[in-house]
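Here's the structure, in structure tokens; my notes come after.
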Amino acid sequence: ANDLNAHNAQSYNMTWYGVIDDWIEAYLTDRDSSLLDLISFFIQCSGCKGVVTAEMCQSKDDSDVMSKMVEELDEDSVEYPLIQSGPYGRWFHSEFCEFVSVLVAQCQHSIIFDSYLMNTLISLLTELSNSYVRAFRHTCTLAAVKLLSSLVSVALSLSVGMENSQKLYEVQKTKTTRQKSTPQLEKIQKKITELQEKRAEIESMMDIIFKGVFLKRYRDVLPEIRSICMEELGLWMKLYSSAFLTDSYLKYMGWMMYDKIPDVRLKCVLSLQGLYGDPLLLPKLDLFTSRFKDRMISMTLDKDNEVAVQTMKLLVLISKISEDVLSPEDYSQLLQFVFSSQRPLAAAAGELLFSRYEEAHKQQTLARLKALLQFYQESELHKHVVYLVDSLWDCGGALLKDWPTLTSILLQDSPGLTQAEEAVLVEILVASVRQASEGPALAGRSGAKKVMSAKEKKIQIDDCTKLTEHLLLVLPKLITKVFIPHRIFTLFCIKNTLGLTGVAPVPVPQVVSSLLAQMGAVLDLHSGPAVLEAAARTYLSLCGEEMSWFSVTRAARDSLVQRWVDQLTALLEGSLQVKCTISLHGQKYVLLEVLQCLCYCMLWSLNTSSETLSSRVSYICYNQLIAFLGVCDVLTAHSYQLHLWDPTSFGPLLYTPSPKLQRALLTFVCMQVFVGPDCDNQSRASDTSEVERLEDLHRRRNLLAAYCKLIVHGVLEMSMAAEIFMYYMKYYNDFGDIIKETMYRTRQIDKIESARTLVLCLQQLFVRLKKEQESGGKAHPGVQTFTSIKELARRYVLTFGDLVKFRECIVMIHRNGIEFVFQEFSQTPETPTPPYLSYLTILSEFSSKLLKPDKKTVFSYLQKHTAEHIIDLRQECWQPLIYYRASLLAVAEVEDAVSNVSSDKKLYLPNRSPFSKHKPDGTTPNTASHKSFYSIVTSHLHRMCIFFYCFRKQVPLSIQPS
Numbered sequence: 001a002n003d004l005n006a007h008n009a010q011s012y013n014m015t016w017y018g019v020i021d022d023w024i025e026a027y028l029t030d031r032d033s034s035l036l037d038l039i040s041f042f043i044q045c046s047g048c049k050g051v052v053t054a055e056m057c058q059s060k061d062d063s064d065v066m067s068k069m070v071e072e073l074d075e076d077s078v079e080y081p082l083i084q085s086g087p088y089g090r091w092f093h094s095e096f097c098e099f100v101s102v103l104v105a106q107c108q109h110s111i112i113f114d115s116y117l118m119n120t121l122i123s124l125l126t127e128l129s130n131s132y133v134r135a136f137r138h139t140c141t142l143a144a145v146k147l148l149s150s151l152v153s154v155a156l157s158l159s160v161g162m163e164n165s166q167k168l169y170e171v172q173k174t175k176t177t178r179q180k181s182t183p184q185l186e187k188i189q190k191k192i193t194e195l196q197e198k199r200a201e202i203e204s205m206m207d208i209i210f211k212g213v214f215l216k217r218y219r220d221v222l223p224e225i226r227s228i229c230m231e232e233l234g235l236w237m238k239l240y241s242s243a244f245l246t247d248s249y250l251k252y253m254g255w256m257m258y259d260k261i262p263d264v265r266l267k268c269v270l271s272l273q274g275l276y277g278d279p280l281l282l283p284k285l286d287l288f289t290s291r292f293k294d295r296m297i298s299m300t301l302d303k304d305n306e307v308a309v310q311t312m313k314l315l316v317l318i319s320k321i322s323e324d325v326l327s328p329e330d331y332s333q334l335l336q337f338v339f340s341s342q343r344p345l346a347a348a349a350g351e352l353l354f355s356r357y358e359e360a361h362k363q364q365t366l367a368r369l370k371a372l373l374q375f376y377q378e379s380e381l382h383k384h385v386v387y388l389v390d391s392l393w394d395c396g397g398a399l400l401k402d403w404p405t406l407t408s409i410l411l412q413d414s415p416g417l418t419q420a421e422e423a424v425l426v427e428i429l430v431a432s433v434r435q436a437s438e439g440p441a442l443a444g445r446s447g448a449k450k451v452m453s454a455k456e457k458k459i460q461i462d463d464c465t466k467l468t469e470h471l472l473l474v475l476p477k478l479i480t481k482v483f484i485p486h487r488i489f490t491l492f493c494i495k496n497t498l499g500l501t502g503v504a505p506v507p508v509p510q511v512v513s514s515l516l517a518q519m520g521a522v523l524d525l526h527s528g529p530a531v532l533e534a535a536a537r538t539y540l541s542l543c544g545e546e547m548s549w550f551s552v553t554r555a556a557r558d559s560l561v562q563r564w565v566d567q568l569t570a571l572l573e574g575s576l577q578v579k580c581t582i583s584l585h586g587q588k589y590v591l592l593e594v595l596q597c598l599c600y601c602m603l604w605s606l607n608t609s610s611e612t613l614s615s616r617v618s619y620i621c622y623n624q625l626i627a628f629l630g631v632c633d634v635l636t637a638h639s640y641q642l643h644l645w646d647p648t649s650f651g652p653l654l655y656t657p658s659p660k661l662q663r664a665l666l667t668f669v670c671m672q673v674f675v676g677p678d679c680d681n682q683s684r685a686s687d688t689s690e691v692e693r694l695e696d697l698h699r700r701r702n703l704l705a706a707y708c709k710l711i712v713h714g715v716l717e718m719s720m721a722a723e724i725f726m727y728y729m730k731y732y733n734d735f736g737d738i739i740k741e742t743m744y745r746t747r748q749i750d751k752i753e754s755a756r757t758l759v760l761c762l763q764q765l766f767v768r769l770k771k772e773q774e775s776g777g778k779a780h781p782g783v784q785t786f787t788s789i790k791e792l793a794r795r796y797v798l799t800f801g802d803l804v805k806f807r808e809c810i811v812m813i814h815r816n817g818i819e820f821v822f823q824e825f826s827q828t829p830e831t832p833t834p835p836y837l838s839y840l841t842i843l844s845e846f847s848s849k850l851l852k853p854d855k856k857t858v859f860s861y862l863q864k865h866t867a868e869h870i871i872d873l874r875q876e877c878w879q880p881l882i883y884y885r886a887s888l889l890a891v892a893e894v895e896d897a898v899s900n901v902s903s904d905k906k907l908y909l910p911n912r913s914p915f916s917k918h919k920p921d922g923t924t925p926n927t928a929s930h931k932s933f934y935s936i937v938t939s940h941l942h943r944m945c946i947f948f949y950c951f952r953k954q955v956p957l958s959i960q961p962s
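Here is the structure:
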């Protein structure tokens, strides 16, 4: 007899058909031996190394075989073939299932009905599928349900044969008496009877497997087994609906939709999709739909994204077959998923929304748009138009990309839309342009494709060309028609997107000139920040050198800005006199606007002027937040222009902040940002609302980020960051990301100087603590405990990743620390130890980053500084030195002596805010004139404020507060 396992192992190229045919021939010769090979095959596929003998098979109790195989099973191996990861595991699963299918297919016309093969095989698989051993239970359950699926195919072929024979029998019966052939009719009837008997026998086998395996394993403790059962049950219902698509079988599918494992629920949903997708099966699903509809709707909120997406697709299928299945309340709940953060789920909900309105308004574009606008307004999510468009893009792209229709509706004198609907339609137009030009990547929405195919890229390029050619012609008309600030802002966003597309159609100077003229007219009338920002970004995109209209837009932009500069200069000529008058009445809010105006005037001068700028910057540093931010912006822009200075054009704008100004900036940051311990935030939150607390935190983060930018761009000395680094641990939750990014950036500039700044930070903290301990007074703000300083050093150590890259830095830190402790120390009977000796305990935190050769070098350097002193290591006062020496010599851990030389003290950190703002208490006869001046200055200020950042070359500021 041929060994089935030998055939399986010899060659991967031999098909299962050849193997099975050879085994069938052997079975016809010696069925006991061949059946023994088949049983051994299933046993070994379970990972068991045992061999089934004839004596085991002759036993009447199948449990004897299982007991013997359990003894032979390699229980030390965690994995068996079916659950192995990687390509082999997937290959084995596929080939194992194919083997079972081919085995039944090749035997269906012969030995499958001999009442021996299938009885033995089903009995064995049923027994092993009930085993407490996971390998047997999993493998044989898969084999059993695949065997049932193969038997379903046999039953279907028998049913087809019966139908054909029955048709032939009916044809013979309709013939005349002369034409009738009685023997032929008897032969056909006999064949029909034979097929019926075979089908009954096959159905009996299926019933035995279902009751013996499925009913026991569909709720197995192993989720993989439950998934297999649900997947195959869905297949049986779809293929052999006459037997399996009944409520008695469907109930298992409904019950398992409550399973706690996502994969099991997913298999149920996918199986139901196959059933609801077949119109012929729908009448049998009415009771199931009414019973489990609520569960399916609730599964759209499933914690597993794939389950939620596939459930939504299932509900789309259900909604298409009948409009009455889902109630208006169901639609209201499901359609809100178009605003989901998961794009696949949102796209599925978008298909549900689009299909509902498409059926109601076929071939009526305006009606479909109005229905869409109505849905958006009723959803009460008025800031999510881009997400709605993104959700509808896959199914309703043809409607959303019909830009001629959208613009023609907006340009009509009476389009039949309300003002609110017209505003939403403008936003939809902008969102569709953005979607066509930039793709589905949206902030806050995940799951979109990151790489487009060649076909998608071609579609995107074609869409960009069409929309650019069309919208450049109609945008001037739209701006004239839609003369409302927030809509003009939205239309400016379109022009900004057009510039980003990079598509240069046929040059049309007259169209561009008309467009720019309309923009200028709008900006002369509207000074809202949103409109100005959108217009500035539009100018920036249209002024790209790659654009064919570059010269026209650049000239229009310069003319517009210069006109504003002249107007602002004229208004600011009397600002000092106004400042004095307002100061008498306490109108500080006007002073802030004047300071901001001066700041942006200086920024504009840095960008356009070719003359040497006056270095009198420090006078701007008033004790106000806006003055601080203004000084930081001016100094940062000044530093950036030095990098772009062209020696052939004009002289450099030289300015170095004085030490007094640098110290003033640092003091301001420390007093405004680090106003107390991080733990005090909760107590402060009780006095103010959560919104006010978050706004205050955002303001403080802006101040800290502005100061850190000065250090990163080299405006301030790197040592000025030492005071900031002190608060890395204390304010980690609020400012840890900004401080860590500053460390990273300074280390890229000069890693030695950056490391020296960290050392300076630790030493300053240690000196403050030492003075506070010696004075015995109350804790001073900025003084941290010894434990916190040591923990801060430990956090600094974690920032040094590559030992080889930062080798010099670590050695420098140790040398500097040793010098800090022993330099200028003169030993006397009154001072037998250096006053800063306990700093060595902090320094030991950096020893783990030393390479072995460097440890010897540092140890020699330590010996050099301690050689001239009398050191008695038995005395407790020298414990920090012992601790540090041990860290360098890499000996076993010694007891931490920190507690003997320091003590943590509770700090008293009062909340100080010397720069609190005061509102004016009353009005004066000149209040109206002050407010008039204030409104004029504010209008021009916003223009300069927003346009400057878009016109000047952007400073690469890497630290941005969240």
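For the sequence shown, position 127 matches number 127 in the working numbering, and the numbering has no gaps at all. Heads up, the beta-carbon is just placed ideally off N, CA and C, and yes, glycines get one too.
Within the chosen definition, does the segment 845-860 reach the segment 819-828 through at least 3 CB pairs nearer than 8 Å? With the cut-off at 8 Å, the segment 845-860 and the segment 819-828 do not touch.
Cys-268, DSSP secondary structure in three states: Stepping through the sequence shown from its first residue, residue 268 is reached at position 268. Residue state, collapsed to three classes: helix.
First and last residue of the uninterrupted alpha helix (DSSP H) at Arg-745: Within the sequence shown, numbered from 1, the residue matching residue 745 stands at position 745. Annotation: the continuous alpha helix (DSSP H) that includes Arg-745 extends over 732-749.
Could you give the uninterrupted runs of the alpha helix (DSSP H) lying entirely in the segment 133-203, keeping only those of 4 residues or more? The segment 133-203 contains these whole alpha helix (DSSP H) runs: 134-173.
Would you say the segment 156-174 touches the segment 113-120, given that touching needs at least three Cβ pairs under 8 Å? Touching, no, given that fewer than three Cβ pairs across the two stretches are closer than 8 Å.
What is the residue span of the alpha helix (DSSP H) that Pro-87 lies within? The count along the sequence shown starts at 1 and reaches residue 87 at position 87. It spans 86-107 - the alpha helix (DSSP H) in which Pro-87 sits, taken as one unbroken run.
Is DSSP giving Cys-543 helix, strand or coil here? Mapped onto the sequence shown, residue 543 falls at position 543. Of the three classes helix, strand and coil, the one that applies to Cys-543 here is coil, per DSSP.
The segment 397-405 touching the segment 442-458, judged by at least three CB pairs closer than 8 Å: Touching, no, given that fewer than three Cβ pairs across the two stretches are closer than 8 Å.
Span of the alpha helix (DSSP H) holding Asn-130? On the sequence shown, position 130 is the one that residue 130 refers to. Where Asn-130 is concerned, there is no enclosing alpha helix (DSSP H), given that its DSSP letter is neither H nor E.
Just grab the DSSP bridge partners of Gln-662 for me. Here residue 662 refers to the residue found at position 662 of the sequence shown. DSSP, once it has assigned bridges, lists no residue as partnering Gln-662.
Which same chain residues, not among the five before or five after Ala-404, have their C-beta less than 7 Å away from its C-beta? Translated into positions along the sequence shown, residue 404 becomes position 404. At residue 404 the sequence reads Pro, which differs from the Ala that was named. In its chain, beyond the 5 residues on either side, His-470 have a beta carbon closer than 7 Å to the beta carbon of Pro-404.
Which residues in the same chain as Leu-716 place their Cβ atom closer than 6 Å to its Cβ, once the five residues preceding and following it in sequence are excluded? Working through the sequence shown from its first residue, we reach residue 716 at position 716. So the qualifying residues of the chain are Gln-662 and Leu-710.
Quick check on the DSSP output: what are the complete alpha helix (DSSP H) runs of length 4 or more inside the segment 285-359, in order along the chain? For the segment 285-359, whole alpha helix (DSSP H) runs of length 4 or above, ordered along the chain, are 286-298, 305-321 and 328-335.
Alpha carbon to alpha carbon, what distance is there between Thr-841 and Leu-1011? Examination of residue 1011 is not possible in this model, given that the chain is present from 1 through 962 alone.
Identify, in the order they occur along the chain, each residue of the same chain with its Cβ nearer than 6 Å to the Cβ of Ala-144, setting aside the five sequence neighbours on each side. Translated into the one-based positions of the sequence shown, residue 144 becomes position 144. Excluding residues within five positions, the ones whose Cβ falls inside 6 Å are Leu-125, Ser-129, Ile-209 and Val-213.
N- and C-terminal bounds of the alpha helix (DSSP H) containing Phe-44: For this step, residue 44 is matched to residue 44 along the sequence shown. The sequence shown places Gln at residue 44, not Phe. Unbroken alpha helix (DSSP H) run through Gln-44: 31-45.
Here's the rule: buried if 16 or more other CB atoms are within 10 angstroms of the residue's CB, otherwise exposed. What is Met-205? Here the question's residue 205 lines up with position 205 in the sequence shown. By the neighbour-count rule (16 or more Cβ atoms within 10 Å), Met-205 is buried.
Over what stretch of residues does the alpha helix (DSSP H) that includes Val-389 continue unbroken? As a working mapping, residue 389 is identified with position 389 in the sequence shown. Looking at the DSSP string, the run of the alpha helix (DSSP H) that includes Val-389 is 385-400.
Note down the Cα distance separating Ala-436 from Glu-723, rounded to an integer number of angstroms. The count along the sequence shown starts at 1 and reaches residue 436 at position 436. The count along the sequence shown starts at 1 and reaches residue 723 at position 723. Rounded to the nearest angstrom, the two C-alpha atoms are 49 Å apart.
Please classify Ile-122 as buried or exposed, where buried requires at least 16 other C-beta atoms within 10 Å of its C-beta. As a working note, residue 122 is residue 122 in the sequence shown. Classification of Ile-122: buried, given that the 10 Å Cβ count is 16 or more.
Please state whether DSSP places Ser-446 in a helix, a strand or coil. Counted from its first residue, the sequence shown places residue 446 at position 446. Secondary structure of Ser-446 (DSSP, three-state): strand.
Lys-965: buried (16+ other C-beta within 10 angstroms of its C-beta) or exposed? Outside the displayed span of the chain (1 to 962) sits residue 965, for which this structure offers no information.
I'd like to check one pair, Trp-23 with Phe-99: are the Cβ atoms closer than 7 Å? Reading the sequence shown from its first residue, position 99 is the one you call residue 99. Reading the sequence shown from its first residue, position 23 is the one you call residue 23. The beta carbons of Phe-99 and Trp-23 sit no closer together than 7 Å.
Rounded straight-line distance, which links the Cα of Ser-559 to that of Asp-463: Position 463 of the sequence shown, counted from the first residue, corresponds to residue 463. Position 559 of the sequence shown, counted from the first residue, corresponds to residue 559. If you draw a straight line from the Cα of Asp-463 to the Cα of Ser-559, it comes to about 33 Å.
For the alpha helix (DSSP H) that contains Met-253, what are its first and last residues? Your numbering for residue 253 matches position 253 in the sequence shown. Residues 247-256.
Buried or exposed, going by whether 16 or more other CB atoms sit within 10 Å of the CB of Glu-351? Start at 1 with the first residue of the sequence shown, and residue 351 comes out as number 351. Answer is buried; the Cβ neighbour count reaches 16.
Are at least three pairs of beta-carbons, each pair with one atom in the segment 163-176 and one in the segment 225-235, less than 8 Å apart? Fewer than three Cβ pairs drawn from the segment 163-176 and the segment 225-235 lie within less than 8 Å of each other, which leaves the two stretches out of contact.
Taking all protein chains shown into account, decide if Phe-550 is buried (16 or more other Cβ within 10 angstroms of its Cβ) or exposed. Along the sequence shown, read from residue 1 onward, the residue named residue 550 stands at position 550. Exposed, by the Cβ-count rule.
Pick from Val-767, Asp-394, Ala-535 and Tyr-796 that is closest to Phe-786, judged by C-alpha positions: Translated into the one-based positions of the sequence shown, residue 786 becomes position 786. The candidate whose alpha carbon is nearest that of Phe-786 is Val-767.
Could you check where the alpha helix (DSSP H) with Gln-419 kicks off and where it finishes? By 1-based counting over the sequence shown, the position of residue 419 is 419. Residues 419-438.
Assess, as a yes-or-no matter, whether the segment 241-255 is touched by the segment 283-294 under the definition of 3 or more beta carbon pairs within less than 8 Å. Yes, the segment 283-294 touches the segment 241-255.
Please identify the residue among Leu-82, Leu-28, Thr-29 and Arg-745 whose C-alpha is closest to the C-alpha of Gln-44. In the sequence shown, the residue the question calls residue 44 occupies position 44. If we check each option's Cα against that of Gln-44, Leu-82 comes out closest.
Reference Tyr-796, options Pro-328, Glu-876, Met-726 and Thr-311, closest by Cα: Locating residue 796 in the sequence shown gives position 796, where the first residue counts as 1. Per the Cα distances, Met-726.
Would you list the residues sitting across from Cys-464 in a DSSP beta bridge? For the purposes of this step, residue 464 is taken as residue 464 along the sequence shown, with counting starting at 1. The secondary-structure analysis by DSSP pairs Cys-464 with nothing; it has no beta-bridge partner.
Does Lys-370 pass the burial test, meaning 16 or more other C-beta atoms within 10 Å, or should it be called exposed? Reading the sequence shown from its first residue, position 370 is the one you call residue 370. By the neighbour-count rule (16 or more Cβ atoms within 10 Å), Lys-370 is buried.
Rounded to whole angstroms, what is the Cα-Cα separation between Tyr-744 and Arg-700? For the purposes of this step, residue 744 is taken as residue 744 along the sequence shown, with counting starting at 1. For the purposes of this step, residue 700 is taken as residue 700 along the sequence shown, with counting starting at 1. Spanning the two alpha carbons is a distance of roughly 21 Å.
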